[in-house]
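Engineer: The structure is given below, and queries will be raised subsequently.
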Amino acid sequence: MFAAYFRPHLGWFVGGTLMALGTSLCAMAYTFVLKLMGDRLEASFGQSGNADSSWILHIGAAIVALAAARSLTMYLMTLLNNTGVQRGLVSMQTHEFEALIDGDFARLSEDASGGFVSRFINDVNAIRDAALRFANNFTKSTATTIGCLGVMAWIDWQLTLLILVAYPIAFAPVISLGNRVRKRSRRAQKQVGEMTSLLSEGFQSARVIKAYGLEAYQKGRARSGFAERSRLFLKVLADRAAVDPILEIAGGVALAGILGFAAWRISQGQMSLGDLLAFIAALGVASPEIRALGTLNSVAQEGGAAADRVFEIIEAKPVMADRPGAGRFGKVSGDVSFEDVAFSYPDGTPALKGLSFKAAPGETVAIVGPSGAGKSTIFNLLLRLYDPSGGVIRVDGQDIRGMTGESLRANLGLVSQDSALFDDTVQANIALGRLGATKAEIEVAARAAFAHEFIMALPQGYQSPAGEMGRNLSGGQRQRIALARAILRGAPILLLDEATSALDAESESRVQQALGEFGRGRTVLIIAHRLSTVRAADRILVVEDGRVVEQGSHDDLLAANGAYARLVKLQLS
557 MFAAYFRPHL GWFVGGTLMA LGTSLCAMAY TFVLKLMGDR LEASFGQSGN
607 ADSSWILHIG AAIVALAAAR SLTMYLMTLL NNTGVQRGLV SMQTHEFEAL
657 IDGDFARLSE DASGGFVSRF INDVNAIRDA ALRFANNFTK STATTIGCLG
707 VMAWIDWQLT LLILVAYPIA FAPVISLGNR VRKRSRRAQK QVGEMTSLLS
757 EGFQSARVIK AYGLEAYQKG RARSGFAERS RLFLKVLADR AAVDPILEIA
807 GGVALAGILG FAAWRISQGQ MSLGDLLAFI AALGVASPEI RALGTLNSVA
857 QEGGAAADRV FEIIEAKPVM ADRPGAGRFG KVSGDVSFED VAFSYPDGTP
907 ALKGLSFKAA PGETVAIVGP SGAGKSTIFN LLLRLYDPSG GVIRVDGQDI
957 RGMTGESLRA NLGLVSQDSA LFDDTVQANI ALGRLGATKA EIEVAARAAF
1007 AHEFIMALPQ GYQSPAGEMG RNLSGGQRQR IALARAILRG APILLLDEAT
1057 SALDAESESR VQQALGEFGR GRTVLIIAHR LSTVRAADRI LVVEDGRVVE
1107 QGSHDDLLAA NGAYARLVKL QLS
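Below you can see the structure in the form of structure tokens.
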């Protein structure tokens, strides 16, 4: 599957391979030039001082020409291969992000965001380094090594045998080191993800850190994390650093043996000076390429460890995928029913235990209860971020598990307590409710959410940047932008999860008025703690321990003096 991302860009690699072969041919040509020079030098030893020496200029010109040609082919090789690798990695990163966004909400909510960021940046960088080293060095080094061995065998096959014995022996520990590098690289990359999470957490929680005097604590965590990262990477670097010395020793042993054996053969008249120069030149050209091939194994193992982490995301099969032949919702009337619904989170914690209720089209239903009672779980299940472990959830009489998630969510508008905004303009954040909406429609939605006035007071109005997670706006402003987004969506079912929790009393009153007008004819489900938010609801559900224990109007539930009445008394006290 890894190769599938680079196959569409094969033309770039073919061009890079041809340039690599050209580079190798230029390198091998040096050996023939040096053989010619040696033979000429040997022939000139017995000649008088007025012998023709023009051959020196010719050889010098040939060396310069070969150097220029080799430099050009190496540049083109690097450029072509880098382009192919980069384009393949763009496809890989895009696919990785799509797999993550299209995957299960459970994975996104349970795993640390820093781990995902690390896979997109650090792991992909490791893959890039390995792919570039492989693309730029493998063909060039292999072709040059084979070509030089061929030249050496043609000059003196006996000397060549010494090399063929020395270097393979050195590759055994190199391969063993590479396997160890892969395991250690995987641990190191995982730790990078943990550090990314720690740093992100520290930056996002700066206010709490300052308020509670946690600077020393956070610095201690960071120091510990950096030290662990250094320890793991030093192990990887130590294994990687051992490769070159091993190959250097093998090369030194081979060279010593070659020079000794060659000197004896020259003394016996079995080898010329030109042959020796050419042989040593070929060995000199081949040696760094052999070392490059040796280091490729450890580089490939590092890249492989990073690729394993990336493909864990790409190859993960989402549990919440649409069923084969799933139906599609049109615009629904807004009838919602939970029928004996049970649900436990992946860690086994039960959230709902046989919960049942109905919301008729156009009805406003408030859901109240203590923290941890399962209120937000109701919304998560209705959005089909999870499937229930028991019971059925229906919209307009259809089991939502048999319908596409996209068509279901097109009928739902959500405003939550965190009011997530994106690092874009205010206008763009509202427009996310319905992509393609006109500026006039966006402004109407903003007015309905009582956001237009403060937006126009911003330095650039609707084009003002909201900042990362909406940090340029106050909490109340962020929630009104989120409300405007939901109003623009115009969905027949509106989900409000503590949607007015960050508003002051005056703003909440105005927003409640807007929601009352916007919610007319729509099914509205509200999770809230404030009495002012829920008392006007057509019906109130009291959820405790994953079940509906009471339901009715505000006045009826107060008169019943049950669970709802206790919640009201606690809030008033």
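Residue numbers (the working numbering): 557 to 1129. We treat Cβ as the ideally placed atom computed from N, Cα and C, and that holds for glycine. Note that the structure is a prediction, hence the values are computed from the model and not measured.
Taking DSSP as the reference, what is the three-state secondary structure of D955?
Structural biologist: Reduced to three states, the DSSP call for D955 is strand.
Engineer: Considering only C-alpha positions, which residue in the set R1095, I1011, R1076, V707 is nearest to N1028?
Structural biologist: Nearest C-alpha to N1028: I1011.
Engineer: Grab me the residues of G533's own chain with a C-beta within less than 8 Å of its C-beta, minus the 5 sequence neighbours each way, in chain order.
Structural biologist: No statement about residue 533 is possible, as the shown extent of the chain runs from 557 to 1129 and does not include it.
Engineer: Determine whether the beta carbon atoms of A709 and T716 lie at a separation below 8 Å.
Structural biologist: Taking 8 Å as the Cβ cut-off, A709 and T716 qualify as a contacting pair.
Engineer: Which residues mark the beginning and the end of the alpha helix (DSSP H) in which V680 is found?
Structural biologist: Its alpha helix (DSSP H) spans residues 680 to 711.
Engineer: Unbroken alpha helix (DSSP H) runs of length 4 or more, entirely within the stretch 897 to 957: which are they?
Structural biologist: Here the runs fully enclosed are 931 to 938.
Engineer: Along the beta strand (DSSP E) that carries R1095, what are the first and last residues, could you check?
Structural biologist: Taken as a continuous stretch (DSSP letters only), the beta strand (DSSP E) holding R1095 covers 1095 to 1100.
Engineer: Do you know whose CA, among G881, Q649, P844, lies nearest F694's CA?
Structural biologist: Residue P844 is the option with its Cα nearest to F694.
Engineer: How many angstroms separate the CA atom of A744 from the CA atom of V792?
Structural biologist: C-alpha separation (whole angstroms): 8 Å.
Engineer: Please classify N967 as buried or exposed, where buried requires at least 16 other C-beta atoms within 10 Å of its C-beta.
Structural biologist: Classification of N967: buried, given that the 10 Å Cβ count is 16 or more.
Engineer: Tell me which residue opens and which closes the beta strand (DSSP E) that V1080 is part of.
Structural biologist: Its beta strand (DSSP E) spans residues 1079 to 1083.
Engineer: If you draw a straight line from the alpha carbon of I657 to that of M575, how long is it in whole angstroms?
Structural biologist: Taking the straight line joining both Cα atoms gives about 40 Å.
Engineer: Check the DSSP bridge columns for T981 and list the partner residues they point to.
Structural biologist: According to DSSP, T981 bridges with P1021.
Engineer: When the Cα of S1057 is compared with those of G1046, G1032, Q1069, which residue comes out closest?
Structural biologist: Minimum Cα distance to S1057 is reached at G1032.
Engineer: Pairing CB atoms from the stretch 910 to 919 with CB atoms from the stretch 853 to 861, are three or more of them under 8 Å?
Structural biologist: In short, these stretches do not touch, since the Cβ pair count stays below three.
Engineer: Measuring straight from C-alpha to C-alpha, what distance separates A1115 and D974?
Structural biologist: Computed Cα separation, rounded: 34 Å.
Engineer: Taking R1041 as the reference, which of F1006, L1014, E1062, S1063 has the closest Cα?
Structural biologist: The shortest C-alpha separation from R1041 is found at F1006.
Engineer: Which residues in the same chain have their Cβ closer than 7 Å to the Cβ of G890, if we skip the five residues on either side of it in sequence?
Structural biologist: P917, G918, P1048, I1049, R1078, T1079, listed in sequence order.
Engineer: Assuming G860 is part of the alpha helix (DSSP H), what are its boundary residues?
Structural biologist: Note, G860: alpha helix (DSSP H), 829 to 870.
Engineer: Look at R626 and A583 and say whether their C-beta atoms are less than 8 Å apart.
Structural biologist: Against a cut-off of 8 Å, the Cβ pair of A583 and R626 comes out as a contact.
Engineer: To the nearest angstrom, report how far apart A1093 and K931 are at their CA atoms.
Structural biologist: Between A1093 and K931, the C-alpha separation is close to 16 Å.
Engineer: Tell me, which residues are paired with Q1107 by DSSP?
Structural biologist: Q1107 pairs with L1097.
Engineer: Going by DSSP, which residues form a beta bridge with S665?
Structural biologist: According to DSSP, S665 bridges with nothing at all.
Engineer: Identify the residues that DSSP records as bridge partners of I1049: which are they?
Structural biologist: Paired residue(s): L968, T1079.
Engineer: Note down, in chain order, each residue of its chain lying with its Cβ closer than 6 Å to the Cβ of L1038, except the 5 sequence neighbours on either side.
Structural biologist: In the sequence as presented, Leu is not what sits at residue 1038; that position holds Ala. V971, S975.
Engineer: Leaving out five residues before and five after L636 in sequence, what residues of the same chain have Cβ atoms less than 7 Å from its Cβ?
Structural biologist: W568, G571, G572, M575.
Engineer: Take the Cβ of T933 as the centre, count every other Cβ of all protein chains shown within 10 Å, and call the residue buried at 16 or more, exposed below.
Structural biologist: The residue in question, T933, is buried, as its Cβ has 16 or more Cβ neighbours within 10 Å.
Engineer: Can you tell which of F817, F885, V641 has its C-alpha closest to the C-alpha of G953?
Structural biologist: Checking every option, the nearest Cα to that of G953 belongs to F885.
Engineer: With burial defined as no fewer than 16 other Cβ atoms inside 10 Å of the residue's Cβ, what is the status of F894: buried or exposed?
Structural biologist: With 16 or more Cβ atoms within 10 Å of its Cβ, F894 is classed as buried.
Engineer: If you reduce the DSSP assignment to three classes, tell me which class F676 lands in.
Structural biologist: Helix at F676.
Engineer: Pull up the distance between the alpha-carbon of I612 and that of M593, whole angstroms please.
Structural biologist: Near 8 Å, if we compare the C-alpha coordinates of M593 and I612.
Engineer: Quick test of your reading: F929 and V680, contact by CB under 8 Å. State the CB separation rounded to the nearest angstrom.
Structural biologist: Inspection of the sequence shows that residue 929 is occupied by Ala rather than by Phe. Not confirmed; about 42 Å, so no contact.
Engineer: Could you give the distance in angstroms between the alpha-carbon of S1167 and the alpha-carbon of S786?
Structural biologist: Because residue 1167 is not part of the residues shown, which for the chain are 557 to 1129, the question remains open.
Engineer: State buried or exposed for S697, treating a residue as buried only when at least 16 other CB atoms are found within 10 Å of its CB.
Structural biologist: Counting Cβ neighbours within 10 Å, S697 comes out buried, since at least 16 surround it.
Engineer: Three-state secondary structure (DSSP) at V570?
Structural biologist: Of the three classes helix, strand and coil, the one that applies to V570 here is helix, per DSSP.
Engineer: If you measure from the CB of A560, is any heavy atom of the ligand FAD nearer than 7 Å?
Structural biologist: The ligand FAD is not among the ligands present in this structure, which contains no ligands whatsoever.
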